[in-house]
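Engineer: Taken in order, these protein sequences are the chains called A and B.
Under the working numbering, the first residue of the first sequence carries the number 1, and numbering increases by one thereafter.
Under the working numbering, the first residue of the second sequence carries the number 1001, and numbering increases by one thereafter.
Structure in structure tokens, see below.
There are 2 protein chains.
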Amino acid sequence: MTGDRSEDGARVAQGELSRFVEAVARAAGADEPSAEAVTRALVGASLRGVDSHGVRLLPHYVKGLKGGRINGSPNMTFTRQAPGAGGLDADDGLGHLAGYRAIGHGIELAEEAGIAAVAVGRSSHFGAAGAYTLEAAEKGYLAIAVCNADDIVLPFDAVEPFYGTNPISFAAPAAGKRPYLIDMATSAIPWNRVLQYRALGRDLPPEVVVDAAAGATTSAEDAVSLLPLGGAVYGYKGAALAGLAEVLSAALTGMAFSFAMPGFAGPDFSTPRGLGQFYVVIKPGVFRPEAAFAAGMADYLAQLRALPARDGAKVMAPGDREWAVERTRSASGIPLDGPTWQAFARQADELAVPPLVALA
Amino acid sequence: MTGDRSEDGARVAQGELSRFVEAVARAAGADEPSAEAVTRALVGASLRGVDSHGVRLLPHYVKGLKGGRINGSPNMTFTRQAPGAGGLDADDGLGHLAGYRAIGHGIELAEEAGIAAVAVGRSSHFGAAGAYTLEAAEKGYLAIAVCNADDIVLPFDAVEPFYGTNPISFAAPAAGKRPYLIDMATSAIPWNRVLQYRALGRDLPPEVVVDAAAGATTSAEDAVSLLPLGGAVYGYKGAALAGLAEVLSAALTGMAFSFAMPGFAGPDFSTPRGLGQFYVVIKPGVFRPEAAFAAGMADYLAQLRALPARDGAKVMAPGDREWAVERTRSASGIPLDGPTWQAFARQADELAVPPLVALA
């Protein structure tokens, strides 16, 4: 590594970051397809600016691979149960591989059935849900992805957490352009935002977290749980969406509910978490000619982006912020913060992987 | 009608209300299947307490039927384009009939393909989206329904409305119990709430409406547009969900976008509105045995409802409030407010339909 970047971090080229992440995953026990999948998902998220679900999670997956929670050489099996429906048994492998495989099977089925659903079982944490809907959209399909996560979000009117941040992702192709991409937690904010604000000594907006007594607070220091999207008055909507993700990714797959799954952060890193994920893939060409759909999307996006905006703002379509960051980071590198840079240096040492080289 | 109830309204038995709504729809030009569908949808919504989308909308549909906007004797045609996908041309008929027909076709296809999508074109306003997902859930299927509506909701950072309240509904069967039911606008509140608060002289919560200058206000009197779910800080999430509904129900069906459709409230009541709606139906039994899915849903709902609640509250699953109202109203009648009672009296006169008889 070039100089001491443990405080300020560094910028790294996409290719070099991919090389490093894949080498670390391989050295930690991931087979080639698994290492490729986790690399693509994490580096892709970092490239789009989704840093919370980007390469900073690499040490987490290494811990899971080395501890036995995650099977580095899974034999994932897909069973087609109906023309448009199937189940993927992920054999406790990396959730990223399961996600890409599920979307691949979903596309195959949707190509024939018009729409397809893939229920994933015995999976693990898959990073950003948007990685998989994006994969479908880039190939010309619409897709929905949901999963659940360990409980940190209060249902409406409850004083104990019950849901995970249970994300919903949706992507649709936009002919010749980067897709329409939604990738949102059903809580107002992710837990990482709390940690980030805590580190900065900043207060949070109202109605996004509660303290140990489930009382309202804006203190990042005092926050122990998250509120669903919609806050104190309309949080029943965010909670309902968290429940939608829960029903599809747990009740329908037979996998663990948020309130019953082993914690993301351990302490047990040897027992597989048994996570479910659920995907829907839609082939637009069965409903109307592809060109007409593409023209409709172009019209919709052009009208949306042309709307007059608040002072100093610009009206953006879901995903636009990500594509702007992607352009910048593709050109001038992906920034890593100090702690991530340090963690990667340790990882290189421990796993005897050639260390990451930063941009000058 | 028994006595003057034009100010206080009245309570009406479900059967009598259904008799009246169906007779009015028939007299206004709806054929038997159309009249049955609109009756079932509207009375069902009123029974569940969804008064904004219940029988109070009857005069609106009568106006559409008589004006020519809505075709009372549609020849709706379904085309299966793939094992799991089809399109329903609603022939400008009542959206309620289109909704029930679409769900019926969706169930047929999902029975074979495991999942099905039905894109509805040339439809009209269909009332509460939950009517159709509920229909699927009562038959043992999961369902999603979305539609768009004329523009009254600001995209995030915009100063002009662009989206409708674009609802998302999701329902899942809960063995032997009333289903899990989400039926939510992607705005924080519906426009009817603004009108209701205006009539009562009450202020709205912060971050749900804007005034004529697109500025923040809590005044129901000054409100001209709605903000997406999530308000000033997280409204990009509600706006993204509104966009999801827009992409599926307009870009994928080829029907009008929110910003381009003729207004719900006229003044033109002769031109069909050309609305799209989009449905997904899932057969749970293809993913795991029906009994295991049912047990999973029961476990999930029991755990959710047993959570400790805030003082004076009770943790409810989506739909629980509706089922509680349904029980009460089934037993002791459906309340109609004064203006609705008056409108119904006029409707009875104009269409020579035997007037509604209230409960004592």
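Note that CB positions come from ideal geometry on N, CA and C, so glycine has one too.
1) Within a Cβ cutoff of 6 Å, which residues of the same chain sit near T1340 of chain B, ignoring the five residues on either side of it in sequence?
2) Return helix, strand or coil for S1034 of chain B, following the three-state DSSP convention.
3) Are the CB atoms of F259 of chain A and R69 of chain A within a distance shorter than 9 Å?
4) Is any beta-carbon of chain A found at less than 9 Å from that of V1153 of chain B?
5) To the nearest whole angstrom, what separates the beta carbons of G1121 of chain B and T1186 of chain B, a pair I think is in contact under 8 Å?
6) Ignore the nearest five residues each way along the sequence and tell me which others in A1010 of chain B's own chain have a CB closer than 6 Å to its CB.
7) Give me whichever residues DSSP pairs with L1088 of chain B in a beta bridge.
8) Identify the continuous alpha helix (DSSP H) that holds K66 of chain A and give its terminal residues.
9) Which stretch, first to last residue, makes up the alpha helix (DSSP H) that contains S330 of chain A?
10) Please give the ranges of any beta strand (DSSP E) in the segment 241-305 of chain A, keeping only runs that are unbroken, at least 3 residues long and fully inside the region.
11) Could you please give the first and the last residue of the uninterrupted alpha helix (DSSP H) stretch that includes S1018 of chain B?
12) Could you give the C-beta distance for P83 of chain A and E1112 of chain B, rounded to a whole number, given that I count them as a contact under 8 Å?
13) Between which two residues does the alpha helix (DSSP H) harbouring F344 of chain A extend?
14) Rounded to a whole number of angstroms, what is the C-alpha to C-alpha distance between L1356 of chain B and A1348 of chain B?
15) Do the CB positions of A1171 of chain B and G1104 of chain B come within less than 9 Å of each other?
16) What separation, rounded to the nearest whole angstrom, lies between the Cα atoms of V1208 of chain B and L1058 of chain B?
17) Who are the Cβ neighbours of Y1300 of chain B in its own chain at under 6 Å, not counting the five residues just before and after it?
18) Give the residues of chain A in contact with Y1234 of chain B, contact being defined as C-beta atoms less than 7 Å apart.
19) Measuring straight from C-alpha to C-alpha, what distance separates I182 of chain A and A41 of chain A?
20) How should N1075 of chain B be labelled, buried or exposed, when 16 other C-beta atoms within 10 angstroms of its C-beta is the threshold for buried?
21) Strictly below 7 Å CB to CB, what residues from chain B border M184 of chain A?
22) In its own chain, which residues sit with a C-beta less than 6 Å from the C-beta of A25 of chain A, not counting the 5 before and 5 after it?
23) Taking A23 of chain A as the reference, which of A:L47, A:V62, A:H53 has the closest Cα?
24) Relative to the alpha-carbon of D1008 of chain B, which residue among B:R1346, B:A1343, B:G1338 has its alpha-carbon at the smallest distance?
25) Assuming S123 of chain A contacts A98 of chain A (C-beta within less than 8 Å), just tell me the rounded distance between them.
26) Between the segment 285-298 of chain A and chain B, which residues of the former have a C-beta closer than 8 Å to a C-beta of the latter?
27) Applying the 10 Å Cβ sphere with the 16-neighbour rule, what's the burial state of E350 of chain A?
28) Would you mind working out which of A:Q277, A:K283, A:D211 sits nearest H96 of chain A, comparing C-alpha positions?
29) Quick one, which residues of the segment 89-109 of chain A are near chain B if we go by CB-CB under 8 Å, in chain order?
30) Look up S187 of chain A in the DSSP assignment and say whether it is helix, strand or coil.
31) I need the DSSP call for R48 of chain A, collapsed to helix, strand or coil.
32) Got a sec? Which residues, its chain only, sit under 7 Å from L1065 of chain B by beta carbon, not counting five neighbours each side?
33) Hey, out of B:L1229, B:L1227, B:G1201, whose CA is closest to A1220 of chain B's CA?
34) Grab the span of the beta strand (DSSP E) containing L1097 of chain B for me, first residue to last.
35) Secondary structure at K177 of chain A, three-state DSSP: helix, strand or coil?
Structural biologist: Result, derived from the coordinates:
1) For the purposes of this step, residue 1340 of chain B is identified with residue 340 of the second sequence, where counting begins at 1. Closer than 6 Å at Cβ, skipping near neighbours: R1056.
2) In the second sequence, the residue the question calls residue 1034 of chain B occupies position 34. Correct three-state label for S1034 of chain B: helix.
3) Numbered from 1 along the first sequence, position 69 holds the residue referred to as residue 69 of chain A. Numbered from 1 along the first sequence, position 259 holds the residue referred to as residue 259 of chain A. No, these two residues do not count as a Cβ contact at 9 Å.
4) Counting from one through the second sequence, the residue named residue 1153 of chain B turns up at place 153. With 9 Å as the cut-off, V1153 of chain B does not count as an interface residue toward chain A.
5) The sequence position of residue 1121 of chain B within the second sequence is 121, counting from 1. The sequence position of residue 1186 of chain B within the second sequence is 186, counting from 1. Contact flag wrong, Cβ pair sits at about 22 Å.
6) As a first step, residue 1010 of chain B must be located in the second sequence, where it is residue number 10. Here the set comprises L1336, W1341, A1358.
7) Along the second sequence, one-based indexing puts residue 1088 of chain B at 88. DSSP output for L1088 of chain B lists B:F1078, B:V1120 as bridge partner(s).
8) Taking the first residue of the first sequence as position 1, residue 66 of chain A is located at position 66. From DSSP, the alpha helix (DSSP H) with K66 of chain A extends over 58-67.
9) Locating residue 330 of chain A in the first sequence gives position 330, counting from the first residue. Counting along the chain, the alpha helix (DSSP H) containing S330 of chain A begins and ends at 320-332.
10) 275-282
11) Residue mapping note: residue 1018 of chain B aligns to position 18 of the second sequence, counting from 1. Unbroken alpha helix (DSSP H) run through S1018 of chain B: 1014-1027.
12) Within the first sequence, residue 83 of chain A is the residue found at index 83, counting from 1. Within the second sequence, residue 1112 of chain B is the residue found at index 112, counting from 1. Contact holds; Cβ gap of about 7 Å.
13) Residue numbering aside, residue 344 of chain A sits at position 344 when the first sequence is read from its first letter. Taken as a continuous stretch (DSSP letters only), the alpha helix (DSSP H) holding F344 of chain A covers 338-351.
14) Mapped onto the second sequence, residue 1356 of chain B falls at position 356. Mapped onto the second sequence, residue 1348 of chain B falls at position 348. Distance between the alpha carbons of L1356 of chain B and A1348 of chain B is about 8 Å.
15) Taking the first residue of the second sequence as 1, we reach residue 1171 of chain B at position 171. Taking the first residue of the second sequence as 1, we reach residue 1104 of chain B at position 104. Cβ distance not < 9 Å, so A1171 of chain B and G1104 of chain B don't count as in contact.
16) What you label residue 1208 of chain B is simply residue 208 of the second sequence in a count that begins at 1. What you label residue 1058 of chain B is simply residue 58 of the second sequence in a count that begins at 1. If you take the alpha carbons of V1208 of chain B and L1058 of chain B, they lie about 27 Å apart.
17) If you number the second sequence from 1, residue 1300 of chain B lands on position 300. Correct list: empty, nothing qualifies.
18) Start at 1 with the first residue of the second sequence, and residue 1234 of chain B comes out as number 234. Within chain A, the residues near Y1234 of chain B are A188, L229.
19) By 1-based counting over the first sequence, the position of residue 182 of chain A is 182. By 1-based counting over the first sequence, the position of residue 41 of chain A is 41. Each residue's Cα considered, the two are about 16 Å apart.
20) One-based indexing of the second sequence puts residue 1075 of chain B at position 75. It is exposed - the Cβ of N1075 of chain B has fewer than 16 other Cβ atoms within 10 Å.
21) The residue you call residue 184 of chain A lines up with position 184 of the first sequence. K1237, A1240, listed in chain order.
22) Mapped onto the first sequence, residue 25 of chain A falls at position 25. Closer than 6 Å at Cβ, skipping near neighbours: A35, V38.
23) On the first sequence, residue 23 of chain A is found 23 positions in, with the first residue counted as 1. Among A:L47, A:V62, A:H53, the Cα nearest to that of A23 of chain A is on A:V62.
24) Translated into positions along the second sequence, residue 1008 of chain B becomes position 8. Closest option to D1008 of chain B, Cα to Cα, is B:G1338.
25) Your numbering for residue 123 of chain A matches position 123 in the first sequence. Your numbering for residue 98 of chain A matches position 98 in the first sequence. That belief holds up - the Cβ atoms of S123 of chain A and A98 of chain A are roughly 4 Å apart, short of 8 Å.
26) V286, F287, R288, A292, F293, G296, M297
27) On the first sequence, position 350 is the one that residue 350 of chain A refers to. The residue in question, E350 of chain A, is exposed, as its Cβ has fewer than 16 Cβ neighbours within 10 Å.
28) Sequence index remark: in the first sequence, residue 96 of chain A carries index 96 (1-based). Answer by Cα proximity: A:Q277.
29) none
30) Along the first sequence, one-based indexing puts residue 187 of chain A at 187. Three-state DSSP puts S187 of chain A in a strand.
31) Translated into the one-based positions of the first sequence, residue 48 of chain A becomes position 48. Here R48 of chain A sits in coil by DSSP.
32) Working through the second sequence from its first residue, we reach residue 1065 of chain B at position 65. Excluding residues within five positions, the ones whose Cβ falls inside 7 Å are A1028, G1029, A1030, G1072.
33) The count along the second sequence starts at 1 and reaches residue 1220 of chain B at position 220. Comparing Cα-Cα distances from A1220 of chain B to each of B:L1229, B:L1227, B:G1201, the minimum goes to B:G1201.
34) For the purposes of this step, residue 1097 of chain B is identified with residue 97 of the second sequence, where counting begins at 1. Counting along the chain, L1097 of chain B falls outside any beta strand (DSSP E), though it belongs to the alpha helix (DSSP H) covering 1095-1113.
35) Walking along the first sequence from the start, residue 177 of chain A turns up at place 177. Residue state, collapsed to three classes: strand.
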